[in-house]
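UniProt numbering numbers the first residue of the sequence shown as 1 and each following residue consecutively. Here a beta-carbon is modelled for each residue, glycine too, at the ideal position from N, C-alpha and C. Okay, so here's the structure we're looking at.
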Amino acid sequence: MQDAHLWWIAAALAIAAELASGTFYLLMIAIGLAAGAIAAHAGLATSGQVVAAAVVGAGAVALWTWRRSREPAGPAATADPGLNLDIGETVHVSAWDAEGCARIHHRGADWTAVWAGSPHEPPPGPGTYTIRALRGNRFVVGR
């Protein structure tokens, strides 16, 4: 079997592993393996093929890592409305206690809500609030 065939088989296996695991970095490695196959088609020796695969694969991983580091971080899991459907919902607070907590009724159950503002700033008073995040089993609410 020719060297190029082995490189293409390795690239296909890396793509299959990426599809099974969802690890995008395996796709970058597959690009490097494809570069090794192209180097084999170009007639380079085995050492040249390995160098081509390593340089392109490592470069693709480095480029992807650099690109991801420049993107703004998404919301924390405790404040991500895509993970917690309660975030963004409105609730009614009838009274706040001295510790800045309130008992609210939401989705057919009683919950503890805490004020999203500064700990030194008291909650504004009774009224309608929006769930901003989850802290443990407490809703963090704000206006």
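According to DSSP, Y129 shares a beta bridge with V91. Excluding five sequence positions before and after A30, the CB atoms of its chain that fall closer than 6 Å to its own CB belong to A11, A14, I15, given in chain order. Taking A95 as the centre and dropping the five residues before and after it, the same chain places the C-beta of A102, P126 closer than 8 Å to its C-beta, in chain order.
Separation of A113 and L83 (C-alpha to C-alpha, rounded to the nearest whole angstrom) is 19 Å.
The Cβ atoms of W7 and A37 sit closer than 8 Å to each other. G88 and A116 do not touch by the CB rule: their CB atoms are close to 13 Å apart, not below 8 Å. The DSSP-derived three-state label of A113 is strand.
When C-alpha distances from T128 are compared across L85, E18, H106, the shortest belongs to H106. Taking 8 Å as the cut-off, the Cβ atoms of G57 and M28 count as close.
Around the Cβ of P122, a 10 Å sphere holds fewer than 16 other Cβ atoms; the residue is exposed.
Per DSSP, the unbroken beta strand (DSSP E) holding A102 starts and ends at 101 to 106. Going by beta carbons, G48 and A39 fall inside the 8 Å limit. Taken through DSSP and simplified to helix, strand or coil, G142 comes out as strand. Per the coordinates, the alpha-carbon of E18 lies some 8 Å from the alpha-carbon of Y25.
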